[in-house]
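Heads up, the thing below is written out as structure tokens.
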Amino acid sequence: MSKQEEKKKYDSDVTSEDKQALNKKGRSMNKGQDKELDREKPVDFTADNLDIPGSNQTAKNDRDELVDEENYRFNKRGTEKEKRDLDDIPDPDTTKDN
Numbered sequence: 053m054s055k056q057e058e059k060k061k062y063d064s065d066v067t068s069e070d071k072q073a074l075n076k077k078g079r080s081m082n083k084g085q086d087k088e089l090d091r092e093k094p095v096d097f098t099a100d101n102l103d104i105p106g107s108n109q110t111a112k113n114d115r116d117e118l119v120d121e122e123n124y125r126f127n128k129r130g131t132e133k134e135k136r137d138l139d140d141i142p143d144p145d146t147t148k149d150n
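Each residue of the sequence shown is one higher than the one before, counting from 53 in my numbering.
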């Protein structure tokens, strides 16, 4: 057989057996595996009901009082003496909470 004859033998039409093998929406033939996908309501990904720690402690416009945790120095030494005068970096060694 030539390659052209082999190409002619292939039927690209989707048959009912193909549809059954593909199943609905690409789901598994085992219905038990896809039980969680059969929902009455769609999944809500908006995160409106999530409890995010600290989300209600500060106002959204209150950016000045939020601590910049990435640049905040949490080491034992604290900040260097010449940098202690900077207002934008809170110094845990010199800040008095009492």
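We put the CB at the ideal spot given by N, CA and C, even for glycine.
Secondary structure at residue i, three-state DSSP: helix, strand or coil?
i: Glu-69; result: helix
i: Thr-98; result: coil
i: Glu-92; result: coil
Enumerate in chain order the residues of its own chain whose CB-to-CB distance from residue i is below 6 Å, with the five nearest sequence positions on each side excluded.
i: Ser-151; result: Nothing in the structure corresponds to residue 151, since the chain is present only between 53 and 150.
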